[in-house]
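K.L.:
Residue numbers (the numbering used here): -9 to 167. Glycine is no exception: its CB is placed at the ideal position from the N, C-alpha and C atoms. Please read these numbers as outputs of a predicted model, since none were measured by experiment.
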């Protein structure tokens, strides 16, 4: 399983990643949970791969919401009750991550794989987003050369104008790259 997670570099001390593993056949109200802090990621250099063996502990489902910062720190170094989960990661510069977002969008919606988004492909993209503008007006706004396709540069301009990183469709697009 491969997932991308974005943290704020200057506020990394405040964030913990909680991984939860739950089987369909769970009979009791517990699940395996592991925690690690963002500071462990930012202790590495950009591009350097880090690995951590994450101890998995039993956590009661109803207690999950009440975990404090102290209990998260304790859980990060807890003795494993349910095995170890090996996690690895890598830091990337913001520009590189944004470029991958843009590529993911084009790859996901570019049905004819020409590296551009044609009007019909853009309409599908707009249907999956909550954009309060008329689709035709929105398309024309970013089709700077009026050729009925969005080039990579036009797509990047559109993405810079809207905050798409918080859109629910993004996870679908990111699974494609």
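Looking at C-alpha atoms only, which residue of 31, 148 and 137 is the closest neighbour of residue 128?
P.N.:
If we check each option's Cα against that of residue 128, 148 comes out closest.
K.L.:
Determine the DSSP secondary structure at residue 80, reduced to helix, strand or coil.
P.N.:
Strand at residue 80.
K.L.:
How many Å lie between residue 115 and residue 42 at the Cα?
P.N.:
The straight-line gap from Cα to Cα measures roughly 38 Å.
K.L.:
In angstroms with no decimal places, state the Cα-to-Cα distance between residue 38 and residue 87.
P.N.:
Answer to the nearest angstrom: the Cα atoms are 15 Å apart.
K.L.:
Would DSSP call residue 52 helix, strand or coil?
P.N.:
With a pLDDT of only 47 at residue 52, under the threshold of 50, the placement of this residue in the model should not be trusted; the figure read from the coordinates follows. It is helical.
K.L.:
If you follow the beta strand (DSSP E) that residue 44 is in, where does it begin and where does it stop?
P.N.:
It spans 39 to 45 - the beta strand (DSSP E) in which residue 44 sits, taken as one unbroken run.
K.L.:
For residue 138 versus residue 111, is the C-beta distance shorter than 8 Å?
P.N.:
In this structure, residue 111 does not lie closer than 8 Å to residue 138 by Cβ.
K.L.:
Quick check: residue 106 and residue 140, are their CB atoms within less than 8 Å of each other?
P.N.:
Yes, these two residues count as a Cβ contact at 8 Å.
K.L.:
Just to confirm, are residue 144 and residue 134 a CB contact at a threshold of 8 Å?
P.N.:
For residue 144 and residue 134, yes; Cβs fall inside 8 Å.
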